[in-house]
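Have a look at the structure below, then the notes.
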Amino acid sequence: MSGKNKYRGFSTKAIHAGEEVDSRPGSVGEVVTPIHLSTTFIWDKPGRAHSRFEYIRSDNPTRSAYETKLASLENAKYGLAFASGLAAEYALMQVVFSPGDHVVGFDDLYGGTRRLFDELIPGLEVSYVDLSDPDEFDRAVRPNTKVLWIESPTNPMIRICDIAALAARAHARGILVVSDNTFLSPYFQQPLALGADVVVHSSTKYIGGHSDVLGGALLTNDDRLYEKLRGIQNNCGAVLSPFDSYLNIRGLKTLAVRMERHQKNAMAVAGFLKSHPRVTKVLYPGLEDHPGHDIIKKQATGFGGMLSFEIEGSLADAEQFLSKLELFSLAESLGGVESLIELPALMTHVGLSEETRREIGITDTLFRVSVGIEDAEDLIADLKRALG
Ligand code: P1T
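For the sequence shown, the positions run 1 to 388 when our numbering is used.
Right, dumping it as structure tokens:
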């Protein structure tokens with residue numbers, strides 16, 4: 001471990017962990033981890049590799065620096081970087097599930113995660129329940145339940161679950177706990193410390209932070225699980241490229257300042273929306289009347305930059321409002337510096353049946369907003385004008 005990894009503060013770790021400045025005589029002494037593009041590395045002789053790096057798919061110095069940095073920020077022993085959030089999830093599912101196993105998932109999980117459970121893992125039994133009530137977990141558990149899979153906040157209903165309470169209940173039955181921490185990022189929430197066994201990230205979001213890099217990650221403290229995951233990462237090969245690893249390293253260095261600003265703006269936007277007569281619902285966990293407000297305050301250090309809201313009327317009203325926005329881009333994804341808005345019913349969650357959408361609460365006039373780091377006054381002015 002690098003001497004620099006002894007630092008405790010989040011931002012100090014974000015900037016220094018995993019970075020090895022080579023100040024030996026003859027080196028150029030780069031302060032920034034370079035993008036190592038070599039696909040292969042020399043051996044001193046057959047049977048003795050020159051360094052721990054042999055082949056790019058197995059390990060790469062830039063990816064390794066990124067994995068070390070992210071692991072340090074999640075307070076994890078191990079980090080593994082994948083080509084996308086879903087590639088990371090699929091690798092984990094390959095390791096933890098056997099045919100006939102059962103998984104309990106938050107009913108409001110990201111649609112792509114649900115698609116993997118429902119369509120791509122052979123013989124998996126799945127129960128989706130509203131885990132904002134931990135008793136729902138107890139009711140859903142079966143003798144063959146292998147994994148509890150959570151997000152907090154969820155996507156797009158911004159529901160909160162009590163990670164520590166659920167982890168305790170799951171562990172009492174020997175069930176593995178997976179927590180997708182994409183929405184809050186390690187800056188605001190560290191699920192391993194709350195009892196989760198594995199943290200999942202779509203680093204395409206806040207970690208990359210600039211809507212220009214696709215990636216995913218798995219973090220764990222479990223030695224045996226790590227060895228298996230590393231085997232899948234190497235053998236299936238959905239690894240993060242050196243250039244994308246570099247972009248994620250760069251993203252992590254400013255994560256703390258970006259998250260603070262995302263949150264400040266989200267709070268301002270949520271407050272404005274709450275006061276608008278056309279808005280019927282605002283879902284932001286920073287609002288005191290959000291049902292998960294007390295839990296998120298207990299388990300996280302912030303509320304994040306994601307919110308959802310609903311307006312009165314029909315799909316036509318929703319479309320008209322969206323067409324009037326100038327600053328918010330109508331687009332899927334989240335976590336970049338620019339503000340995005342989307343209509344889950346016709347965009348991110350269109351793959352769910354109408355019935356499932358209704359059960360979860362995804363109506364035709366519910367918008368999901370990724371509040372960017374522009375000036376809050378400009379964001380509010382844009383919303384105000386478009387709402388009319
Ligand atoms: O897109 P990808 O990097 O593969 O990550 C998938 C994923 C996993 N987990 C969560 C919580 C996510 O939100 C996502 C991706 N989500 C979007 C693209 C979206 O617009 O919600």
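Beta carbons: idealized from backbone N, C-alpha and C, even for Gly.
- In this structure Leu240 is in contact with Ala83, their Cβ atoms being roughly 6 angstroms apart against a cut-off of 8 angstroms.
- Cβ-Cβ distances below 7 angstroms link Arg357 to Ala345 and His349 in the same chain, with the five nearest sequence neighbours on each side left out; the list follows chain order.
- A straight line joining the alpha-carbon of Gly388 with that of Ile295 spans about 35 angstroms.
- By the Cβ test, the segment 11–19 is in contact with the segment 68–78, since at least three Cβ pairs between them sit closer than 8 angstroms.
- When distances are taken from the beta-carbon of Gly174 to the heavy atoms of the ligand P1T, even the shortest one reaches 7 angstroms or more.
- In the three-state reduction of the DSSP assignment, Arg385 falls in the helix class, which pools H, G and I.
- Each residue's CA atom was taken as its position, placing Ile341 and Glu374 some 14 angstroms apart.
- DSSP, read as helix, strand or coil, puts Ala268 in helix.
- By the neighbour-count definition (other C-beta atoms within 10 Å, threshold 16), Gln233 is a buried residue.
- DSSP places Val282 inside the beta strand (DSSP E), whose first and last residues are Val279 to Leu283.
- One thing to note: Arg52 has its Cβ no nearer than 8 angstroms to the Cβ of Asp44.
- Of the candidates Glu136, Gly215, Glu227 and Asp222, the residue whose Cα lies closest to the Cα of Ala238 is Gly215.
- Restricted to the segment 290–317, the alpha helix (DSSP H) segments that are unbroken, complete and at least 4 residues in length are 293–299, listed in chain order.
- In the three-state DSSP reduction, Ser370 falls in the strand class (E or B).
- In terms of Cβ geometry, Val213 and Ala376 do not form a close pair [threshold 8 angstroms].
- By DSSP's assignment, Thr145 forms a beta bridge with His102.
- Straight-line measurement puts the Cα of Lys264 at about 22 angstroms from the Cα of Glu151.
- Beta-carbon to beta-carbon, Leu283 and Ser185 are separated by about 19 angstroms, too far to satisfy the 8 angstroms threshold.
- Contact check for Leu343 against Leu322 passes: the beta carbons are separated by less than 8 angstroms.
- Taking all protein chains shown into account, Glu89 has 16 or more neighbouring C-beta atoms within 10 Å of its C-beta and is therefore buried.
- Exclusion of the five residues before and after Glu359 leaves Asp107 as the residues of its chain whose Cβ lies within less than 8 angstroms of its Cβ.
- At a Cβ-Cβ threshold of 8 angstroms, Asp382 and Leu325 count as neighbours.
- The closest heavy atom of the ligand P1T lies 7 angstroms or more from the beta carbon of Asp107.
- Straight through space, the alpha carbons of Ala217 and Gly195 are spaced by roughly 18 angstroms.
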